[in-house]
Amino acid sequence: MVILKLPEEIERARASNQIVAEVLSKLRDKVKPGVTTRELDQFAEELAQKRGARPAFKGYRGYPYSLCTSVNEEVVHGMPSARVLKEGDIIGLDFGVFYKGFFGDSAITLPVGKIGPGASKLIEVTEQSLYAGIEQAKEGNRLGDISGCVQHVVEAPGFSVVRDFVGHGIGRNLHEEPQIPNYGKRGRGIELKSGMILAIEPMVNQGDYKVKILPDGWTVVTEDGRLSAHFEHSVAITDNGPDILSELN
Ligand code: MF3
Ligand code: CO
């Protein structure tokens, strides 16, 4: 069942997502050669707590950290560690909080120092595909309009869409219905309604879409070892169209 939110509930979800947005925005300045992914995790956790929020991922199905840090061929759910970022890496940062009854969830992929043109194009297209999906998040459209548009933007330049992980509804729970695949046919699927909050999160591979999970039980990597990027926003569908709750105000 898809849970529709009242306007005042959307405002509370916005407050939660704004904390996530502030954390991600401050992490942008910290991502540079020499920093460890653990330092990024600690910064995110401390800032969220300072804002009175609880990091949403820590303890979720046993996940041990506050932040997901996915480097290069890591797709999502990369775990913070003593790993030192180096020039030319790319890193996906996925963060969520629980604040006053509502979850916020957002992700970005950043370059570490100067990166190659292929990596740069991958990041650019992945973010574009997210915004193409968001544009479709309006009353009267169907879920497949989001999925199909994301897929089109990703595949036109020759990249591929990860199948094994999807976006999701969000609200009083981190994961609610519907599941939001990043591939599919326009015009298909459930009708989108004002009051839905959707976490749209394309995961895009440079090569093949196939992924596998490392023996740590969490880290998702590309099967072919090529790069992957991830962006995510939590978006409310309103009578005035999509409202990106996790975009920094
Ligand atoms: N943005 C991801 C999601 O919504 C992050 C979950 S990481 C986990 O599923 F550790 F919490 F699973
Ligand atoms: Co999510």
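0 is the number of the first residue of the sequence shown in numbering that gives the first Met the number 0; add one for each residue after it. All C-beta atoms in this analysis are idealised placements derived from N, C-alpha and C, irrespective of residue type, glycine included. On a predicted model such as this, the values are computed, not experimentally measured, just so you know.
Have a look at Arg171, Pro32, His151 and Cys148 and flag the residue whose alpha-carbon is nearest the alpha-carbon of phenylalanine 97. Arg171
Per-residue DSSP class, three states only, for proline 63: coil
My guess is that phenylalanine 230 and threonine 125 are in contact by the Cβ rule of under 8 angstroms, so how many angstroms apart are they, rounded? 5 angstroms
Out of Val34, Gly91, Ile212 and Glu176, state which residue places its alpha-carbon closest to the alpha-carbon of lysine 4. Glu176
Buried or exposed: which applies to isoleucine 189, given that a residue is buried once 16 or more other Cβ atoms fall within 10 Å of its Cβ? exposed
Give me, in chain order, the residues of the same chain whose beta-carbon lies closer than 8 angstroms to that of tyrosine 130; leave out the 5 immediate sequence neighbours on both sides. none
Under 7 angstroms from any heavy atom of ligand 2, does the C-beta of glutamate 73 make it? no
Can valine 75 and phenylalanine 158 be called in contact, C-beta distance under 8 angstroms? no
Alpha carbon to alpha carbon, how far is valine 83 from lysine 113? 16 angstroms
Below 8 angstroms between beta carbons: does that hold for phenylalanine 89 and leucine 66? For the sequence presented, residue 89 should be read as isoleucine rather than phenylalanine. No.
I want to check one thing, is the minimum distance from the CB of glutamate 231 to the heavy atoms of ligand 2 below 7 angstroms? yes
Contact defined as beta carbons within less than 8 angstroms: I believe valine 160 pairs with proline 201. What is the distance between those atoms, to the nearest angstrom? 7 angstroms
Let me check you understand the geometry: is the CB of leucine 173 closer than 7 angstroms to at least one non-hydrogen atom of ligand 1? yes
Opposing strand residues paired with tyrosine 204 [DSSP bridges]: Checking the displayed sequence, the identity of residue 204 turns out to be asparagine instead of tyrosine. Asparagine 204 is bridged to Ser159 and Ser227.
To the nearest angstrom, how far is it from the Cα of glycine 224 to the Cα of proline 214? 16 angstroms
Three or more C-beta pairs under 8 angstroms: does that hold for the region 50–59 against the region 91–106? yes
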